[in-house]
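Throughout the sequence shown, residue numbering follows the UniProt record's numbering, covering 1 to 630 in sequence.
Read through the structure below, which is laid out as structure tokens, and then see the notes.
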Amino acid sequence: MEYRAVYESWRADPESFWMAAAGDIDWVTQPTRALSDEKAPLYEWFVDGVMNTCWNAVDRHVAAGRGDQAAIIHDSPVTGAKRVVTYAELQELTARLGGALARKGVGPGDRVMIYMPMVAEAAVAMLACARIGAVHSVVFGGFASNELAVRIDDCKPKAVIAASCGVEPGRVVDYKPLLDGAIEQAEHKPGFTVILQRPQRPATLIEGRDKEWEAFQEGASPAPCAPVGGADPLYILYTSGTTGQPKGVVRPAGGHAVALNWSMKNLYGVDTGDVFWAASDVGWVVGHSYIVYGPLFRGCTSILYEGKPVGTPDAGAFWRVIAEHGVKSFFTAPTAFRAIKREDPEGELAGAYDLSGLDYLFLAGERSDSDTVNWAQERLGVPVVDHWWQTETGWAITGLPVGLDPDLEVRVGSTGLAMPGYDVRILDEGGHEAAPGTLGAVAVKLPLPPGCLPTLWNAEARFRNAYLETFPGYYETGDAGMKDAEGYLHIMARTDDVINVAGHRLSTGAMEEVLSDHPDVAECAVIGVADDLKGQVPMGFLCLNRGVERPHEEIIAECVALIRERIGPVAAFRLAVIVERLPKTRSGKILRAIMGKIADGESFRSPATIDDMAILDEIRDSLAKIGFPR
């Protein structure tokens with residue numbers, strides 16, 4: 001069926017639509033209904049169904065006779081290691097670790113924190129928790145002790161599973177001292193920790209509390225898959241975004257499996273036996289949804305990559321993985337492609353690899369500028385699909401479901417069309433729906449579809465305040481954008497990044513789109529800075545392509561002229577500075593709000609997710625050279 005027919009079938013009868021999708025996963029007890037609205041606006045899905053996530057991701061494929069198929073390929077250019085884990089091996093590994101956890105008293109509903117790098121054991125730990133009904137909370141490896149302590153105190157884990165270290169280009173990051181410091185700071189004390197000793201930096205274990213990975217599991221009875229309620233939590237994932245204070249997003253088991261299983265075939269165009277790669281980290285939502293769970297629900301082979309887009313060893317790293325492992329559908333962040341494009345502007349390294357097996361490239365996580373999308377399409381010769389979702393939703397709000405309708409038009413600059421389950425509206429400040437082509441707040445009419453958060457962990461009031469109260473009856477995404485007449489969504493900025501210049505509401509994203517078209521600009525960001533006359537004026541930060549040696553003043557003048565030509569004098573764009581790099585979170589989001597506070601001389605709290613704190617000092621120095629803060 002074509003996309004619009006499927007979307008309308010959902011709109012006409014959402015209950016039947018999601019019950020049909022639920023038929024594609026295995027249930028211990030079949031649900032009798034999809035949506036439960038007794039707690040509205042805290043909606044729940046498949047409440048009376050009983051299932052197990054690990055069974056659906058692992059065991060059912062073994063039972064179907066595909067135990068010898070590769071489930072996970074671990075590819076680690078930073079250590080030189082490669083490993084293939086079959087579905088049968090994954091079943092054995094998860095049963096063994098799950099049995100060891102159960103032997104120590106971990107059971108359904110108990111929390112287990114996972115603090116690991118991109119190794120196969122991280123996925124095994126997640127699935128082992130799901131196998132016994134425990135709730136996992138993965139924290140990005142290398143987070144500082146105080147941030148880890150905050151999360152320990154919030155979710156109160158019975159155990160922590162960690163690695164001794166993480167490996168990055170040119171350095172080893174010691175995890176164990178960070179974990180020790182976090183447990184010391186936290187009021188809640190986990191009962192025990194399980195430590196995977198990596199040869200690059202083994203850790204000293206604390207007697208009585210720390211258990212070595214293999215020794216901990218020795219002699220444990222394999223755990224069966226425990227029955228779990230459809231609305232029971234599978235995991236808690238903390239998101240601080242760019243605001244600092246973490247929020248514990250809760251992911252219910254049943255709706256999560258239904259939605260991700262549907263998305264793999266229909267959105268990403270892959271099915272049983274295909275190789276799928278999401279170049280992310282298990283510490284982020286993309287790693288949860290599309291490195292571990294989604295591909296395995298569908299019976300795909302998933303790539304778990306421990307490396308970077310550049311520097312491991314060069315800007316051809318992604319091409320090597322795609323060619324070597326036969327990746328059919330690839331998902332990464334636009335910032336990764338900007339890094340590749342900056343190092344290899346002509347894309348020459350791609351020519352050394354056979355990429356003919358790749359059908360699609362999907363981008364999400366940060367706004368995809370048209371220059372990056374066009375560059376990728378020209379180099380790869382495949383459709384580049386920008387799609388949009390959030391940690392809170394767990395899967396795409398908008399995109400192009402190429403598996404459902406491969407003839408859908410790719411519109412560069414758009415994040416595509418609403419997925420079934422999402423009724424996306426553009427609202428003005430009064431909560432009224434805006435006309436096509438008008439910038440406004442992007443909201444989703446309740447209820448959200450299966451797979452999305454029903455609340456925050458131990459913070460229902462905060463959930464209501466953060467997401468439900470601004471526009472009653474809607475989920476507030478925090479993003480600003482517009483829809484065209486055909487329903488294609490354009491995400492322009494975070495709501496806070498829409499600036500007001502002399503009474504005109506302007507999108508910083510639209511200005512970034514123009515600046516990225518300049519041939520010397522590899523990456524850019526636009527923020528609003530305080531202005532006595534106009535209230536706010538835009539300021540651009542420009543990162544140049546490698547090898548550009550033209551005078552900076554000349555490039556800035558050309559960029560100012562470009563904005564004036566394409567957006568107009570109303571933008572009042574005159575301020576720009578060239579910087580070596582932009583401050584980002586580890587998932588690739590540019591910290592525009594913090595850059596604005598630096599420019600305006602305001603205090604701020606650095607988010608725990610920042611990739612490199614030293615970049616903020618570089619931004620401060622660059623601004624000082626042009627007289628900011630004023």
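Heads up, the beta-carbon is just placed ideally off N, CA and C, and yes, glycines get one too.
All of these numbers come straight from a predicted model, not from anything done at the bench.
Assigned secondary structure, residue i (DSSP; H/G/I helix, E/B strand, else coil)
i	result
residue 54	helix
residue 195	strand
residue 15	helix
residue 389	coil
residue 243	Because residue 243 carries a pLDDT of 43, less than 50, the predicted location of this residue cannot be relied on, and the following value inherits that uncertainty. Residue state, collapsed to three classes: coil.
residue 60	helix
residue 337	helix
residue 233	strand
residue 286	helix
residue 293	helix
residue 495	helix
residue 315	coil
residue 238	strand
residue 555	helix
residue 515	helix
residue 418	strand
residue 248	strand
residue 25	coil
residue 367	coil
residue 613	coil
residue 399	strand
residue 562	helix
Range of the contiguous beta strand (DSSP E) that encloses residue i
i	result
residue 542	535 to 544
residue 628	That residue, residue 628, is in no beta strand (DSSP E); it is neither H nor E in DSSP.
residue 266	Counting along the chain, residue 266 falls outside any beta strand (DSSP E), though it belongs to the alpha helix (DSSP H) covering 253 to 266.
residue 121	Here residue 121 belongs to no beta strand (DSSP E); instead the alpha helix (DSSP H) covers 120 to 132.
residue 114	111 to 115
residue 362	360 to 363
residue 439	Premise fails: residue 439 is in no beta strand (DSSP E) and is neither H nor E.
residue 425	424 to 427
residue 135	135 to 138
Residue range of the alpha helix (DSSP H) that includes residue i
i	result
residue 3	3 to 12
residue 154	145 to 155
residue 586	Where residue 586 is concerned, there is no enclosing alpha helix (DSSP H), given that its DSSP letter is neither H nor E.
residue 529	Counting along the chain, residue 529 falls outside any alpha helix (DSSP H), though it belongs to the beta strand (DSSP E) covering 521 to 531.
residue 97	87 to 103
residue 213	213 to 217
residue 374	370 to 380
residue 180	176 to 185
residue 600	592 to 600
residue 463	460 to 463
Strand pairing of residue i, partner residues [DSSP]
i	result
residue 650	No information on residue 650 is available, as it lies outside the stretch 1 to 630 that the chain covers here.
residue 82	75
residue 275	301
residue 210	193
residue 483	489
residue 504	501
residue 475	444
residue 44	36
residue 329	276 and 360
residue 576	540
Test item: CB-CB of residue i and residue j under 9 Å
i	j	result
residue 571	residue 506	yes
residue 9	residue 420	yes
residue 139	residue 453	no
residue 607	residue 626	no
residue 168	residue 78	yes
residue 247	residue 448	no
residue 493	residue 509	yes
residue 446	residue 417	no
residue 236	residue 356	no
residue 368	residue 334	yes
* To do: Could you say if the segment 153 to 163 and the segment 104 to 113 meet the contact criterion of at least three C-beta pairs nearer than 8 Å?
  => Yes, the segment 153 to 163 is in contact with the segment 104 to 113.
* **Segment contact, 8 Å Cβ cut-off, at least three pairs: the segment 107 to 122 with the segment 266 to 283** => Short answer: they touch.
* Should the segment 295 to 308 be called in touch with the segment 319 to 327, which here means at least 3 C-beta pairs below 8 Å? -> Output reads yes: the segment 319 to 327 touches the segment 295 to 308.
* If we count Cβ pairs, one from each stretch, closer than 8 Å, do we get three or more for the segment 20 to 38 versus the segment 47 to 55? -> Taking 8 Å as the limit for Cβ pairs, the verdict is that the segment 47 to 55 does touch the segment 20 to 38.
* Inspect the CB distances between the segment 217 to 235 and the segment 81 to 100 and report whether three or more fall short of 8 Å. => Result yes; three or more Cβ-Cβ pairs closer than 8 Å.
* Per the contact definition of three or more C-beta pairs closer than 8 Å, is the segment 544 to 551 in contact with the segment 613 to 623? -> Flag = no, the segment 613 to 623 and the segment 544 to 551 do not touch.
* Asked: Are the segment 483 to 490 and the segment 287 to 300 touching by the rule of at least three beta carbon pairs closer than 8 Å?
  -> With a cut-off of 8 Å, the segment 287 to 300 and the segment 483 to 490 do not count as touching, because too few Cβ pairs lie within range.
* Does the segment 193 to 207 come close enough to the segment 167 to 174 to have 3 or more Cβ pairs within less than 8 Å? -> With a cut-off of 8 Å, the segment 167 to 174 and the segment 193 to 207 count as touching, because enough Cβ pairs lie within range.
* Counting pairs of Cβ atoms below 8 Å between the segment 426 to 439 and the segment 385 to 398, do you hit three or more? -> With a cut-off of 8 Å on Cβ pairs, the segment 426 to 439 is not in contact with the segment 385 to 398, counting fewer than three such pairs.
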